[in-house]
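Chemist: Residue numbers (the working numbering): 5 to 142.
For glycine and all other residues, C-beta sits at the position ideal for the given N, C-alpha and C.
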Amino acid sequence: MIEDDEGHARLIEKNIRRAGVNNPIRHFLEGTAALKHLFDAPDGPAKNGPALVLLDLNLPDMSGIDILQRMKADNSPLKRTPVVVLTTTDDKVEIERCYDLGANVYITKPVNYETFAQAIRQLGLFLSVIQVPDPDMD
């Protein structure tokens with residue numbers, strides 16, 4: 005999870021857990037640290053297998069768009085890694101751009117707390133049934 009808002013991150017994790025998803029969740033507050041883990045860490049997905057990324061677009065050090073572009077580049081070991089964009093931006097141009105770059109899901113964070121919590125629980129149910137590709141498949 006790449007999310008700079010600690011409150012949103014706690015809400016996301018809590019409601020994903022409520023939906024029955026028990027996979028480990030790594031939380032990054034900044035894109036730079038997240039990219040370093042994704043691509044370079046021995047236990048990161050580029051070197052150690054499947055992952056799913058929850059990505060906020062509005063980060064303090066870089067745009068989530070930049071992260072998405074790096075992950076989905078043709079020569080990237082993370083090209084097939086599913087990315088769920090979870091952000092406050094509901095601009096249609098931005099939504100189209102994310103899908104064009106390879107985002108798998110785009111969710112606009114609801115402003116209302118309870119609606120946000122419910123949306124994340126539903127996301128958790130979705131995450132509990134999707135299949136994630138093995139990065140070694142070519």
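Determine contact between the region 10 to 25 and the region 43 to 53, defined as no fewer than three beta-carbon pairs at a distance below 8 Å.
Modeler: No contact exists between the region 10 to 25 and the region 43 to 53.
Chemist: Which parts of the region 76 to 139 are runs of the alpha helix (DSSP H), unbroken and 4 residues or longer, counting only runs that do not cross its ends?
Modeler: Those alpha helix (DSSP H) runs which fall completely within the region 76 to 139 and span 4+ residues are 96 to 105, 117 to 133.
Chemist: With a CB to CB cut of under 7 Å and the five nearest residues on each side skipped, what residues in its chain are close to Ile94?
Modeler: Just to set this straight, residue 94 is Asp in the shown sequence, not Ile. Excluding residues within five positions, the ones whose Cβ falls inside 7 Å are Thr112.
Chemist: Could you check what DSSP says for Leu72 in three-state terms: helix, strand or coil?
Modeler: Note: Leu72 maps to helix in three-state DSSP.
Chemist: Quick one: give me the first and last residue of the beta strand (DSSP E) that Gly58 is part of.
Modeler: The residue asked about is misnamed: residue 58 is Leu in this sequence, not Gly. Looking at the DSSP string, the run of the beta strand (DSSP E) that includes Leu58 is 57 to 59.
Chemist: Look up Phe43 in the DSSP assignment and give the residues it is bridged to.
Modeler: DSSP, once it has assigned bridges, lists no residue as partnering Phe43.
Chemist: Spatial neighbours of Ile29 within its chain, please: CB distance less than 8 Å, with the 5 preceding and 5 following residues excluded, ordered by chain position.
Modeler: Same-chain partners within the cutoff: Met5, Glu17, Ile20.
Chemist: Ignore the nearest five residues each way along the sequence and tell me which others in Val136's own chain have a CB closer than 7 Å to its CB.
Modeler: Same-chain partners within the cutoff: Pro54, Leu56, Pro86.
Chemist: With distances taken between CB atoms, is the gap from Leu129 to Val88 smaller than 8 Å?
Modeler: No. Outside cutoff.
Chemist: In angstroms, rounded to a whole number, what distance separates the CA positions of Asn116 and Arg84?
Modeler: In a straight line, the C-alpha of Asn116 is about 33 Å away from that of Arg84.
Chemist: Can you say whether Ile71 is buried or exposed, counting buried as having 16 or more other CB atoms within 10 angstroms of its CB?
Modeler: It counts as buried.
Chemist: With Leu33 and Arg74 assumed to form a contact (beta carbons below 8 Å), what rounded beta-carbon distance in angstroms separates them?
Modeler: With a Cβ gap of about 18 Å, Leu33 and Arg74 do not count as contacting.
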